Amino acid sequence: MTFGPRKRGPRPRLDPRKSLVGFVVGDVTYAVGVEHVREVTNPLSVVVLPGAPRAVIGVADFRGKIVPVVDLRLRFGLEHQASTRKTKWLVVEIDGRLVGLVVDHVTDVFGTVEGGPRPTGELVSTEAALGVVGVVDAPTGMAFVIDIAPLGELARAAKGGDEPRSPRKTELP
10 MTFGPRKRGP RPRLDPRKSL VGFVVGDVTY AVGVEHVREV TNPLSVVVLP GAPRAVIGVA
70 DFRGKIVPVV DLRLRFGLEH QASTRKTKWL VVEIDGRLVG LVVDHVTDVF GTVEGGPRPT
130 GELVSTEAAL GVVGVVDAPT GMAFVIDIAP LGELARAAKG GDEPRSPRKT ELP
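FYI, the numbering for the sequence shown is 10 to 182, going by the numbering used here.
(1) Can you check the region 72 to 127 for any alpha helix (DSSP H) of at least 4 residues that lies completely inside it and give the ranges in chain order?
(2) Answer yes or no: do Q90 and D113 have a C-beta to C-beta separation smaller than 9 Å?
(3) On the DSSP letters alone, give me the boundaries of the beta strand (DSSP E) that A40 sits inside.
(4) Less than 9 Å separating the beta-carbons of V78 and V108?
(5) Indicate the three-state DSSP secondary structure (helix, strand or coil) for A64 in the structure shown.
(6) Pull up the distance between the alpha-carbon of V145 and that of P59, whole angstroms please.
(7) Between V55 and G73, is the Cβ-Cβ spacing less than 9 Å?
(8) Between the alpha carbons of V76 and L163, how many angstroms are there, rounded?
(9) State the Cα-Cα distance for the pair V186 and S92, rounded to the nearest angstrom.
(10) Taking the alpha-carbon of V35 as reference, which of R47, K97, R82, A152 has the nearest alpha-carbon?
(11) Might you give, ordered along the chain, the residues of its own chain that have their beta carbon closer than 8 Å to the beta carbon of L87, omitting 5 neighbours on each side?
(12) What does a CB cutoff of less than 8 Å around H45 pick up in its chain, not counting 5 residues either side in sequence?
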């Protein structure tokens with residue numbers, strides 16, 4: 010028998026069985042891939058960006074980075090709602106850029122059965138515009154899985170936030 014401190018290997022950051030983060034907007038449960046979520050946080054102060062798309066409510070200083078903030082209620086055609094104790098931000102990474110997503114509340118982190126999201130069929134005409142890619146069974150009922158890429162395009166349209174930059178040459182006269 011050996012005594013002493015146990016040697017532990019590195020703990021995996023993600024449980025492969027838990028691949029989605031669930032959240033509610035309005036009365037509907039949605040989910041995004043956990044690999045895109047950097048943090049769940051309480052709302053921060055937002056500075057309004059003039060000329061930004063309606064759903065982009067502004068930019069915020071998140072851990073020293075300026076990130077655009079998208080209100081998913083507005084994105085999904087609902088009315089703006091003042092923040093409550095349950096309101097959260099999902100800080101997600103889209104194409105190397107951080108974006109804050111305002112949600113009514115976060116439900117849980119959960120997995121899917123083999124095969125991933127099931128197709129929704131043609132439930133609504135705006136489904137593609139909202140980025141819905143399928144439906145899964147979540148602990149709280151059904152959840153619509155959304156593709157976050159269109160949200161990145163929306164945030165880029167606002168021209169706010171820290172863009173990934175490529176090195177620029179400065180030419181001297």
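All residues carry an ideal CB built from backbone N, CA and C; glycine is no exception. All values derive from a computational prediction rather than experimental measurement.
On the basis of the data shown:
(1) The DSSP assignment places complete alpha helix (DSSP H) segments of no fewer than 4 residues inside the region 72 to 127 at 81 to 84, in order along the chain.
(2) Closer than 9 Å, so yes.
(3) Under the DSSP assignment, A40 falls in the beta strand (DSSP E) whose first and last residues are 37 to 42.
(4) Yes, the Cβ-Cβ distance between V78 and V108 is below 9 Å.
(5) Residue state, collapsed to three classes: coil.
(6) Approximately 37 Å between the Cα atoms of the pair.
(7) Not a contact, by the Cβ cut-off of 9 Å.
(8) Each residue's Cα considered, the two are about 13 Å apart.
(9) Outside the shown range of the chain, which is 10 to 182, sits residue 186, and nothing can be said about it.
(10) The sequence given here has Gly at residue 35, not Val. Taking only the C-alpha atoms, the option nearest G35 is R82.
(11) Cβ within range, chain order: V34, G35.
(12) Cβ within range, chain order: V101, E102, I103, I157.
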